[in-house]
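In my numbering, the protein residues as written are 2 to 118.
Glycine included, every Cβ here is placed at the ideal spot set by N, Cα and C.
Owing to the predicted nature of the structure, the values given are computational and were not obtained by experimental measurement.
Notes to accompany the following structure.
Structure representation (structure tokens):
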């Protein structure tokens, strides 16, 4: 099975939100999240819990947990076996924050509009 390509969303200003998030994690949590990224790269849309879950409208979350610390990275798929990682956050409540999902949707719209031009 061919692996998916992992892409980090980059703003027009050159910022890479998910890279900044990954860089902010401690070594153990970063390693755990990189494992989740590797699994979704290998399995793509077949990746399931506990590593990946669809949230809504084509936005998915990668999951990593160490003890009571929980981190998430949001992403979407692009035709051609490509996965675009958009943003990450430390999860503090049971529910994924609405503003993080909306941010991932804005990033997806921006990414797709710039890739079509």
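By the 10 Å Cβ neighbour count, where 16 or more other Cβ atoms means buried, how is residue i classified, buried or exposed?
i: residue 50; result: exposed
i: residue 41; result: buried
i: residue 114; result: exposed
CB-CB under 8 Å to residue i, same chain, minus the five flanking residues each way: which ones, in chain order?
i: residue 88; result: 10, 18, 19, 22, 74, 75, 101, 104, 105, 108
i: residue 70; result: 30, 91
i: residue 38; result: 7, 63, 74, 86
i: residue 57; result: 102
i: residue 3; result: 82
Looking at the strands, I want to know which residues DSSP matches up with residue i.
i: residue 65; result: 72
i: residue 79; result: 83
i: residue 6; result: 83
i: residue 88; result: 75
i: residue 60; result: 57
Would you give the residue range spanned by the alpha helix (DSSP H) that residue i belongs to?
i: residue 13; result: Note, residue 13: premise wrong, no alpha helix (DSSP H); not H, not E.
i: residue 23; result: 18-25
i: residue 39; result: 28-44
Name the two residues that bound the continuous beta strand (DSSP E) containing residue i.
i: residue 54; result: 53-57
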